[in-house]
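**Q** Under the UniProt record's numbering, the final residue of the sequence shown carries the number 138; numbering is consecutive throughout.
Glycine included, C-beta positions come from ideal geometry on N, C-alpha and C.
Following this message is one structure expressed as structure tokens.
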Amino acid sequence: QRLLRRSVSLSLLSFGSITGARQAIQKLTRVRVVDNSTLGNTPYHRPPKCIHVYNKTGVGKVGDKILLAIKGEKKKALIVGHKMPGPTMTPRFDSNNVVLIEDNGNPVGTRIKTPIPYTLRRREGEFSKVLAIARNFV
Numbered sequence: 001q002r003l004l005r006r007s008v009s010l011s012l013l014s015f016g017s018i019t020g021a022r023q024a025i026q027k028l029t030r031v032r033v034v035d036n037s038t039l040g041n042t043p044y045h046r047p048p049k050c051i052h053v054y055n056k057t058g059v060g061k062v063g064d065k066i067l068l069a070i071k072g073e074k075k076k077a078l079i080v081g082h083k084m085p086g087p088t089m090t091p092r093f094d095s096n097n098v099v100l101i102e103d104n105g106n107p108v109g110t111r112i113k114t115p116i117p118y119t120l121r122r123r124e125g126e127f128s129k130v131l132a133i134a135r136n137f138v
């Protein structure tokens with residue numbers, strides 16, 4: 001019995017962690033639209049899903065652009081918050097939040113309902129119109 005217990009404990013130690021690395025937003029990730037656009041606020045049977053990430057790695061972080069499938073349409077969106085813990089002193093959200101944008105970068109809605117990370121202000125040139133419609137920052 002002692003030998004059996006020892007072999008079980010050794011086998012458990014050799015495997016290490018079996019959970020995969022947490023990614024931020026990648027293909028087929030469900031997201032939540034947090035602006036007041038009509039497309040984002042209409043009730044939908046299926047939640048919006050990411051179908052492409054516009055960067056080299058294929059993993060979207062705060063400030064990256066993605067392509068969404070929402071209500072049978074393809075729309076571009078900007079990531080303004082994700083569940084995965086980021087670098088030190090950056091907020092972690094309860095849901096993967098996005099804001100719908102047009103092809104030229106203008107936001108579709110006129111107001112953002114949730115706080116967005118203060119770190120987006122560093123990239124103000126790209127997202128100045130999105131930052132202008134935000135109510136508060138975290």
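Between which two residues does the alpha helix (DSSP H) harbouring VAL53 extend?
**A** Not the alpha helix (DSSP H): VAL53 falls in the beta strand (DSSP E), residues 49 to 53.
**Q** Once you ignore the five residues that flank SER37 on each side, which residues in its own chain have a CB closer than 6 Å to its CB?
**A** Hits under 6 Å: LEU100, VAL108, GLY109.
**Q** Roughly how far, in whole angstroms, is the beta-carbon of CYS50 from the beta-carbon of GLN26, given that I think they are within contact range, below 8 Å?
**A** At roughly 7 Å, the Cβ-Cβ gap stays under 8 Å, so CYS50 and GLN26 are in contact.
**Q** Taking the beta carbon of PRO87 as the centre, do at least 16 other beta carbons fall within 10 Å, making it buried, or is it exposed?
**A** PRO87 is exposed by the Cβ-count criterion.
**Q** Rounded to whole angstroms, what is the Cα-Cα separation between ILE133 and PRO115?
**A** Roughly 11 Å separates the two Cα atoms.
**Q** Please name the residue in GLU102, ASN41, SER95, GLY72 whose C-alpha comes closest to that of PRO85.
**A** Taking only the C-alpha atoms, the option nearest PRO85 is SER95.
**Q** Could you check which residue in ASP64, ARG123, HIS45 has the C-alpha nearest to that of ILE79?
**A** The candidate whose alpha carbon is nearest that of ILE79 is ASP64.
**Q** Counting C-beta neighbours from all protein chains within 10 Å, is the total for PHE137 16 or more, i.e. buried, or is it exposed?
**A** With fewer than 16 Cβ atoms within 10 Å of its Cβ, PHE137 is classed as exposed.
**Q** Assuming LEU39 and ILE66 make a contact with CB atoms under 8 Å, what is their CB distance in whole Å?
**A** Contact flag wrong, Cβ pair sits at about 15 Å.
**Q** By Cβ distance, which residues of its chain are closer than 8 Å to ARG47, with the 5 residues on each side in sequence left out?
**A** Before going on, a small fix: residue 47 reads as Pro here, not Arg. The answer, listed in chain order, is ARG30, VAL31, ARG32.
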